[in-house]
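If you're matching positions, the sequence shown starts at 30 in our numbering and goes up one per residue.
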Amino acid sequence: MRISKPWALSQALLFITATLHGAGLVRADNPIVQTIYTADPAPLVYNGRVYLFTGHDEDGSTTYTMKDWRLFSTSDMANWQDHGITMGLTTFSWANANAWAGQVIARNNKFYYYVPVRRTNGGMAIGVAVSDSITGPWRDAIGKPLVENGEIDPTVYIDDDGQAYLYWGNPNLWYIKLNSDMTSYSGSPTKIALTTAGFGTRSGNADRPTTFEEGPWVYKRSGRYYLIYAANCCSEDIRYSIGTGPLGPWTYKGVIMPSGGRSFTNHPGIIDYKDNSYFFYHNGALPGGSGYTRSVCVERFVYNSDGSIPTIAQTSGGPPQLGTLDPYVRQEAETMAFSSGVKTESCSEGGIDVSYITNGGYIKVKGVAFGSGAKSLSVRVASGSSGGNIEVRLGSTSGTLVGTCSVPGTGGWQAWTTITCNISGATGTQDLFFRFTGGSGNLFNFNWWQFSNGGTTPTTTTAATATSTTRSTTATTTTTGGGACATLYGQCGGSTWTGPKCCVQGTCKYSNDWYSQCL
């Protein structure tokens with residue numbers, strides 16, 4: 030069961046996106062996530078793919094209301110797959126609020142997630158979670174804070190000699206030398222001297238004479254150590270310093286991204302991927318966006334010949350796509366370049382599905398390589414109502430119509446059916462738009478799609494057994510489940526969360542509201 034419309038305001042605002050750009054003319058691919066508000070990007074390149082860890086600003090927030098961390102990934106820097114909630118506050122039994130800016134690093138065939146959270150009946154602290162997989166599940170590595178001095182925004186870096194460093198801070202900048210286990214450290218937390226030579230001069234604030242504010246991001250490239258940070262609150266811009274070692278001395282280099290974008294905060298992340306350099310940040314560019322409802326964006330850039338970073342402007346277009354997307358292998362519906370009028374949720378068949386689809390909503394998939402032509406399309410769908418239609422269009426939401434898949438009611442929002450429909454005219458490399466039409470309310474859920482270049486007759490397979498047949502109109506505090514899920518994830522069962530819980534195919538499911546996923 031689900032709360033019927035807890036996100037109605039945000040949903041309406043997302044529809045404004047299409048109106049602002051004109052029907053069928055939405056081109057913007059920044060921000061890269063439109064189904065929720067995201068903040069504090071932390072990208073990581075792993076096994077040939079970019080994994081982007083973010084915070085999550087709750088809809089309608091008027092302060093930093095953040096309860097979980099999200100994960101997205103891409104192989105082409107244009108189409109991003111939504112992996113849902115990767116970790117929540119309940120991972121840390123000693124914390125109760127403020128799932129703020131964290132970062133993940135790989136080591137010892139494991140992954141370590143350093144995050145700032147508010148200690149129950151205490152101040153801000155840095156926790157560390159560990160996982161055997163980059164997508165989770167995560168568990169508290171030590172059962173207590175790793176460090177605790179009230180400051181925030183950890184970044185982690187492993188130097189060439191194998192020594193790992195954790196940096197964090199606001200208003201100061203701190204570091205520790207992590208041991209090889211990545212969950213303990215040698216010595217004591219040490220404050221890095223914030224000199225004007227190292228971090229620039231801030232005018233009009235005697236308590237903070239340098240530009241450093243928060244959000245450090247440390248990495249090494251071509252023999253230089255870079256320290257990127259949010260500066261000059263408020264509104265924040267992004268600046269950087271370069272050092273000769275992981276602890277400096279630091280030389281101030283200037284502004285990377287000026288303030289702007291309807292958010293008075295910003296947060297940087299920089300990676301190299303497939304011979305390109307990318308700068309991640311957040312702004313308030315989505316409808317309803319602000320300093321408390323932010324959205325992650327990314328820009329491609331080129332270092333100057335002396336290793337300095339150029340000034341980077343915020344754009345709505347984002348970086349160019351790397352390669353194309355293959356429509357003849359199964360693609361997850363939650364892999365998209367842009368969307369409107371949809372959300373995502375945990376799927377009974379595993380992973381994530383696109384949900385709360387309403388009339389006029391759409392998904393854009395960028396750079397789809399149809400080649401000589403697609404003949405049919407199969408889609409995996411479920412509907413607890415009377416269903417609707419998936420219009421398959423090229424170029425825009427009002428572009429060439431190459432086919433329509435009719436989605437029937439299946440008896441439940443997780444009662445999955447595969448529909449196959451004919452396609453004609455889908456050739457070459459095109460931006461693909463799935464446009465959803467039907468009656469009022471929620472139409473259907475969408476799990477995956479796959480084109481074929483062989484002919485077919487439209488068909489409908491037998492629906493899978495329904496996991497849920499209704500969407501609740503009121504919240505509930507019933508709890509069920511546990512068992513193997515409780516052992517595996519340490520979160521199902523008990524009374525940590527309110528709302529119905531269940532164990533589906535060995536995976537914990539939380540479905541008390543629209544954004545709930547398995548942890």
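Using N, Cα and C, we set each Cβ at its ideal position, and we do this for glycine too.
Measuring only the C-alpha atoms, how far is residue i from residue j?
{"i": "L195", "j": "S90", "result": "30 Å"}
{"i": "E265", "j": "I300", "result": "21 Å"}
{"i": "T225", "j": "Q459", "result": "51 Å"}
{"i": "N201", "j": "E180", "result": "8 Å"}
{"i": "G313", "j": "T64", "result": "14 Å"}
{"i": "K249", "j": "Y75", "result": "17 Å"}
{"i": "R323", "j": "P349", "result": "23 Å"}
{"i": "E87", "j": "T387", "result": "21 Å"}
{"i": "T364", "j": "F101", "result": "9 Å"}
{"i": "A132", "j": "T426", "result": "A quick correction: the sequence has Gln, not Ala, at residue 132. Using only the alpha carbons, I get a separation of about 36 Å."}
{"i": "Y307", "j": "G440", "result": "45 Å"}
{"i": "H112", "j": "D382", "result": "10 Å"}
{"i": "S209", "j": "Q192", "result": "7 Å"}
{"i": "L276", "j": "N295", "result": "24 Å"}
{"i": "W445", "j": "G172", "result": "40 Å"}
{"i": "C434", "j": "T449", "result": "7 Å"}
{"i": "A124", "j": "F465", "result": "41 Å"}
{"i": "S501", "j": "G216", "result": "In this prediction, S501 has a pLDDT of 34, which is less than 50 and means its spatial position is unreliable; what the coordinates show is noted afterwards. If you take the alpha carbons of S501 and G216, they lie about 53 Å apart."}
{"i": "A235", "j": "Y310", "result": "28 Å"}
{"i": "S122", "j": "R148", "result": "9 Å"}
{"i": "I61", "j": "R329", "result": "13 Å"}
{"i": "G51", "j": "V371", "result": "Interpretation of G51 is limited by its pLDDT of 37, a score under 50 that renders its predicted location unreliable; no figure is taken from the coordinates."}
{"i": "G457", "j": "T103", "result": "22 Å"}
{"i": "C263", "j": "V408", "result": "47 Å"}
{"i": "W129", "j": "I155", "result": "10 Å"}
Cβ of residue i within 8 Å of Cβ of residue j?
{"i": "V410", "j": "N474", "result": "yes"}
{"i": "A552", "j": "A366", "result": "This structure does not reach residue 552, given that the chain is present from 30 up to 548, and the question cannot be answered."}
{"i": "Y80", "j": "I163", "result": "yes"}
{"i": "S369", "j": "G336", "result": "no"}
{"i": "G229", "j": "T240", "result": "yes"}
{"i": "F82", "j": "A71", "result": "yes"}
{"i": "S412", "j": "G438", "result": "yes"}
{"i": "Y141", "j": "M211", "result": "yes"}
{"i": "T115", "j": "W98", "result": "yes"}
{"i": "I257", "j": "V185", "result": "no"}
{"i": "N59", "j": "G320", "result": "no"}
{"i": "R291", "j": "N261", "result": "no"}
{"i": "R268", "j": "G289", "result": "no"}
{"i": "W197", "j": "P183", "result": "yes"}
{"i": "N199", "j": "E243", "result": "yes"}
Indicate the three-state DSSP secondary structure (helix, strand or coil) for residue i in the structure shown.
{"i": "G318", "result": "coil"}
{"i": "T429", "result": "strand"}
{"i": "T119", "result": "helix"}
{"i": "F473", "result": "coil"}
{"i": "W36", "result": "Only weak support exists for where W36 lies, its pLDDT of 38 falling under 50; the coordinates are left without a value."}
{"i": "G84", "result": "strand"}
{"i": "T294", "result": "coil"}
{"i": "L517", "result": "Since pLDDT at L517 reaches only 29, below the 50 mark, its modelled position is unreliable, and no value is offered."}
{"i": "W167", "result": "coil"}
{"i": "T212", "result": "coil"}
{"i": "Y385", "result": "coil"}
{"i": "Q192", "result": "coil"}
{"i": "M286", "result": "strand"}
{"i": "I300", "result": "strand"}
{"i": "S481", "result": "strand"}
{"i": "P218", "result": "strand"}
Between residue i and the ligand GDP, is the CB less than 7 Å from at least one heavy atom?
{"i": "G298", "result": "Ligands are entirely absent from the displayed structure, and the ligand GDP is therefore not among its contents."}
For the beta strand (DSSP E) that residue i lies in, which residues bound it at each end?
{"i": "T446", "result": "G441 to N451"}
{"i": "F309", "result": "N305 to N312"}
{"i": "T466", "result": "T458 to T466"}
{"i": "A158", "result": "M153 to S160"}
{"i": "T225", "result": "No beta strand (DSSP E) contains T225, which is instead part of the alpha helix (DSSP H) from T225 to F228."}
{"i": "G417", "result": "G417 to L423"}
{"i": "R148", "result": "K139 to R148"}
{"i": "Q63", "result": "Run containing Q63: none; DSSP gives neither H nor E here."}
{"i": "F101", "result": "D97 to T103"}
{"i": "Y204", "result": "W203 to L207"}
{"i": "S135", "result": "Residue identity check: residue 135 is Ala in the sequence provided, not Ser. From DSSP, the beta strand (DSSP E) with A135 extends over Q132 to R136."}
{"i": "Y93", "result": "Careful: Y93 lies outside any beta strand (DSSP E) and carries neither H nor E."}
{"i": "S405", "result": "S405 to S412"}
{"i": "T184", "result": "T184 to I187"}
Alpha helix (DSSP H) segments (min. 4 residues) lying fully within the segment 322-377: For the segment 322-377, not a single whole alpha helix (DSSP H) run of length 4 or above is found.
Note down, one range per segment and in chain order, each alpha helix (DSSP H) of at least 4 residues found wholly within the segment 247-279. Taking only runs of at least 4 residues, no alpha helix (DSSP H) segment lies wholly in the segment 247-279.
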